[in-house]
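Participant:
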Ligand code: URA
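Residue numbers (the numbering used here): 1 to 185.
Below you can see the structure in the form of structure tokens.
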């Protein structure tokens, strides 16, 4: 059954399916254009996101905003969310059971937005959505098509902040995304 946006957001707000919610300020469901053709999926909220209740608003988020701008789009054109909706302590990678508990929310958001193209930011999103054996260095930049939805895995913006040499490959991947969006339009 497809839930409405209000129902999904209420379920996220009241969720106690794993222990992550015990140490947070705010849930971070995700935000943006609910009719977007393009969706970005990251890992989970960091400190700034946890305080504001908004996805990708810290340093990595500012870079993501610039990447979206370089694609000729704005954040209002796209939907931005994460695999987990609660900040893992110390920004550690979410555990497999935390991802498993949270992924039904992402699935529902996905079915409500029905984006044509999805950019998976980093290894966690790749593992959660494509394959637990996903490796970002090996598998980024390769399209995965499932039921007419097109997934493009690429580096997480936080990885680009740590290692700017990865920007070139990432830009290549985002150009492929722009071409795919044109092709599907
Ligand atoms: N990193 C993520 O994966 N998601 C955010 O919302 C912020 C930083």
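All C-beta atoms in this analysis are idealised placements derived from N, C-alpha and C, irrespective of residue type, glycine included.
Using the three-state DSSP reduction, which class does residue 84 fall into: helix, strand or coil?
Facilitator: Looking at residue 84 - three-state DSSP - the assignment turns out to be coil, as it is neither helix nor strand.
Participant: Does residue 5 come out as helix, strand or coil in the three-state DSSP assignment?
Facilitator: It is helical.
Participant: Rounded to whole angstroms, what is the Cα-Cα separation between residue 132 and residue 173?
Facilitator: So the alpha carbons of these two residues sit roughly 21 Å apart.
Participant: When you compare the region 27-42 with the region 81-100, are there three or more beta-carbon pairs, one atom per stretch, that lie closer than 8 Å?
Facilitator: Yes: the two stretches touch, three or more of their Cβ pairs being nearer than 8 Å.
Participant: Evaluate residue 50 with the Cβ neighbour count: other Cβ atoms within 10 Å of its Cβ, from every protein chain shown; 16 or more gives buried, anything less gives exposed.
Facilitator: Looking at its Cβ environment, which holds 16 or more other Cβ atoms inside 10 Å, residue 50 is buried.
Participant: Does DSSP classify residue 28 as helix, strand or coil?
Facilitator: If DSSP states are grouped into helix, strand and coil, residue 28 belongs with coil.
Participant: How many Å lie between residue 45 and residue 56 at the Cα?
Facilitator: For residue 45 and residue 56, the distance between alpha carbons rounds to 7 Å.
Participant: Can you give me the C-alpha to C-alpha distance between residue 71 and residue 58, rounded to a whole angstrom?
Facilitator: C-alpha separation (whole angstroms): 20 Å.
Participant: How many whole angstroms separate the CB atoms of residue 113 and residue 36, which I take to be in contact at a CB cut-off of 8 Å?
Facilitator: Rounded, the Cβ-Cβ distance is 6 Å, consistent with contact.
Participant: For residue 110 and residue 160, I'd like the C-alpha separation in whole angstroms.
Facilitator: Answer to the nearest angstrom: the Cα atoms are 26 Å apart.
Participant: Mark residue 142 as exposed unless 16 or more other C-beta atoms lie within 10 angstroms of its C-beta, in which case mark it buried.
Facilitator: The residue is exposed, with fewer than 16 neighbouring Cβ atoms inside 10 Å.
Participant: Which full runs of the beta strand (DSSP E) of 3+ residues lie inside the region 39-83, going along the chain?
Facilitator: Qualifying beta strand (DSSP E) stretches, in chain order: 79-82.
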